Amino acid sequence: MSVDSPVLTHVAPTLSRAMHGPLSDMVKRSLYSSLAIDPDEANAKTKLREELSNPDNLLVLRELEGSFKAEMQQLGIDPSALSAPAKTSVKPQLLISAIFLTAYFILLATIIAIEVSDTLNMAVGENSLMGQIQILFGVLTAGVGQILSYWFSNNAKKSDDNTPA
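At position 39 of the sequence shown the residue is numbered 39 (our numbering), and the sequence of numbers has no breaks.
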């Protein structure tokens with residue numbers, strides 16, 4: 001759940017940063033209890049957004065911010081380090097995907113060239129490897145599907161994570 005509220009960002013910046021980090025569940029529970037919202041209600045997220053926008057709750061948010069900072073200092077946790085971890089690089093996955101897909105299409109082009117060519121055509125017989133090459137090509141084709149699934153399922157997950165609460 002994401003509670004991206006400009007009010008929370010300005011009134012309680014430490015809580016806002018912590019909402020996107022490893023302590024997000026704790027912050028959400030604190031917000032629910034401080035604003036007297038039952039988190040198990042069907043429309044709890046909507047109520048939380050409304051209460052965060054309510055000017056009457058600014059003092060409650062400020063007090064919660066202060067107590068949260070004090071708690072973090074007592075635990076020896078730097079409040080500035082509460083934000084979400086830095087994004088990791090996708091360069092290795094991109095490089096491996098590009099190499100695999102390049103090799104796949106080179107193999108495909110080679111098979112087509114051999115089959116079309118009159119001089120290189122592998123006639124079915126004792127010395128033909130076309131059966132084994134076709135099996136290899138089938139396995140590699142499954143790999144292409146997995147690569148596409150990896151890239152598109154990650155994008156779908158990321159966009160679901162960014163939906164407002």
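The C-beta atom is built at its ideal place from N, Cα and C for all residues, glycine as well.
Here the structure is a predicted model, which means the values were calculated and not measured.
Expressed to the nearest angstrom, what Euclidean distance is found between the alpha-carbon atoms of residue i and residue j?
| i | j | result |
| --- | --- | --- |
| S16 | S33 | 16 Å |
| V90 | A109 | 28 Å |
| E51 | L148 | 42 Å |
| R49 | E65 | 17 Å |
| T14 | D56 | 20 Å |
| R179 | L35 | Outside the shown range of the chain, which is 1 to 165, sits residue 179, and nothing can be said about it. |
| Q146 | F105 | 16 Å |
| I37 | N54 | 14 Å |
| A142 | P92 | 20 Å |
| Q132 | L94 | 29 Å |
| L75 | W151 | 39 Å |
| I135 | T119 | 23 Å |
| P39 | F68 | 20 Å |
| F137 | L107 | 8 Å |
| M130 | T88 | 42 Å |
Buried or exposed: where does residue i fall if 16 or more other Cβ atoms within 10 Å of its Cβ makes it buried?
| i | result |
| --- | --- |
| P164 | With a pLDDT of only 48 at P164, under 50, the local geometry of the prediction cannot be trusted, and no value is derived from it. |
| M26 | exposed |
| D18 | Inspection of the sequence shows that residue 18 is occupied by Ala rather than by Asp. Buried is the call here. |
| L31 | buried |
| V11 | buried |
| S153 | exposed |
| L8 | buried |
| S117 | exposed |
Within 8 Å (strictly less), CB to CB, does residue i reach chain C?
| i | result |
| --- | --- |
| G66 | No chain C is present in this structure, which holds just one protein chain. |
Can you tell me whether DSSP reads residue i as helix, strand or coil?
| i | result |
| --- | --- |
| L39 | Reading off the sequence shown, one finds Pro at residue 39, where the question assumed Leu. P39: coil per DSSP, three-state reduction. |
| H10 | helix |
| T102 | helix |
| G138 | helix |
| S89 | coil |
| D56 | helix |
| G143 | helix |
| M19 | coil |
| F152 | helix |
| G76 | coil |
| T46 | helix |
| L129 | coil |
| T119 | coil |
| S5 | coil |
Counting beta carbon pairs with one atom in the stretch 91-111 and one in the stretch 36-50, are three or more of them shorter than 8 Å? no
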